[in-house]
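A short write-up of the structure that comes next.
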Amino acid sequence: MKPAFASTLFLSLLTLTACSVPTAPKAVSSLDTLLPHPVGRSHMTTVKAGPGVSLGVIYSPSTQTNRDYLRDYQANAGTGFGQSLLVQPIHDAYVATSKPDMAVDWVKASLQRQFGSVTVYPDMQSLRAANPDVVAIVDTHSQLITSRSSDVKADVSADFYDGKFNYIGTAKGTDARALSPLWADYKRSEDIVADINEQQNVQVRALQKFDQSLSNLLTRSAGNVSMLESKQGLSVR
């Protein structure tokens, strides 16, 4: 095979592979989906935590959609013509950096270090029936590399409410990076793999920032970091 033809074939295979990668879903606010009615401010000035406090967790619809997106990303990345020829390392990198449960598992582990019990409920009805001391709505969103964009972003947040669903505060983390075009003709496969691996680093940094935000929220007045005030004065969305 002539070098020029081999290079063209290699890029064609990469392009075919990239085209199968799903695009990220649109981020949707957890408050808009799970708590459509107005909520008030809790009389609690901080999020109550500790070994005797029960925390009820529910994942926002956006989080569920995001997990489905990551499953599709894993299933489709690197598939199609050429998978068994030149793009296996790229396929492996896509799969390794799009773990569907990475964010929710990390957040749950972080919460378990702060509360006596942490239970994830399948829906609001189950959560309300359990009547935990504190409620957290966990929201995650990922934007990974596609054939059309090399901009990577990760967002994770937990909105905290008291037992009557009055808002207390939010812990959140976000990180983003704009990479060079993934399918540029000057890139070697090793460089492409390195860029794909960077999208996991973005996700990890966002989660680390979430941990710091959670620690800050549990040790200071939530009145200074109120999502309600920062969004719409003293009103909610």
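Going by mature numbering (1 follows the signal peptide of the UniProt record, and there is no 0), the letters in the sequence shown line up with residues -20 to -1, 1 to 217, in that order.
For every residue, glycine included, the Cβ atom is placed at its ideal position computed from N, Cα and C.
Item: Pair within 9 Å by beta-carbon distance, G36 and A83; Value: no
Item: DSSP three-state assignment for residue 246, whether helix, strand or coil; Value: Since the first and last residues shown for the chain are -20 and 217, residue 246 lies out of range.
Item: Between the CA atoms of T120 and S42 - distance to the nearest angstrom; Value: 7 Å
Item: Beta-carbon proximity of E170 to P69, cut-off 9 Å; Value: yes
Item: Coil, strand or helix - A144 by DSSP; Value: It is worth fixing the name first, because residue 144 is Lys in this sequence and not Ala. Coil.
Item: A76 - DSSP class collapsed to helix/strand/coil; Value: helix
Item: Segment limits, alpha helix (DSSP H) that includes T43; Value: P41 to N56
Item: R168 in three-state terms, based on DSSP; Value: coil
Item: is_contact[A116, chain B] using C-beta, thresh 9 Å; Value: The structure shown has no chain B; it contains just one protein chain.
Item: Through-space distance from L124 to D135, alpha-carbon basis; Value: 12 Å
Item: Burial state of A156, where buried means 16 or more other Cβ atoms lie within 10 Å; Value: exposed
Item: Where the beta strand (DSSP E) containing V98 begins and where it ends; Value: F95 to V100
Item: A89, DSSP secondary structure in three states; Value: helix
Item: Residues near V114 by beta carbon distance below 8 Å, same chain, minus five either side; Value: V27, K28, A29, V33, S34, L35, G36, F95, F140, Y141, D142, G143 and I148
Item: Run of the alpha helix (DSSP H) containing R108, from where it starts to where it stops; Value: M104 to A110
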